[in-house]
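Presented below is the structure to which this report refers.
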Amino acid sequence: MQTQPATTTASQNGTQDRLLRLPEVLSKVPFSRATLYRRIENGEFPAPKKDGHISFWHLSAINAWIEAKKNGLDN
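Here this note's numbering is used: the first residue of the sequence shown is 492, the next is one more, and so on.
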């Protein structure tokens, strides 16, 4: 499987927000691919955005989820 480098997009506040593919998301969280998708299905993790058959996550959404977990919040 070939992975493509993450790209960036402008977020609403004008800063750059990187787009992450699955391997990079998995490197930031302490669980497996299967657990990631289970948590997405249960509404416990940000769902990916889709562009055709490509899934990606905004870095800001992943970072917000990580911060919420650090602060003891559920979502």
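All C-beta atoms in this analysis are idealised placements derived from N, C-alpha and C, irrespective of residue type, glycine included.
DSSP bridge partner residues for S546 (one or two, in chain order): The partner list for S546 (beta bridge, DSSP) reads K541.
For the beta strand (DSSP E) that R509 lies in, which residues bound it at each end? Segment 507–511, the beta strand (DSSP E) holding R509.
Please name the residue, chosen from G563, Y528, A538, G543, that lies closest to S551 on a Cα-to-Cα basis. Out of G563, Y528, A538, G543, A538 has the C-alpha closest to the C-alpha of S551.
Can you tell me which of the three DSSP states V520 falls into? Three-state DSSP puts V520 in coil, outside helix and strand.
DSSP three-state assignment for E532, whether helix, strand or coil: Judged by DSSP in its simplified three-state form, E532 adopts helix.
Give a yes or no on whether the C-beta atoms belonging to V516 and W548 are separated by under 8 Å. With respect to the 8 Å criterion, V516 and W548 are classified as neighbours on the basis of their beta carbons.
Output the distance between the C-alpha atoms of I531 and Q507, rounded to the nearest integer angstrom. The straight-line gap from Cα to Cα measures roughly 24 Å.
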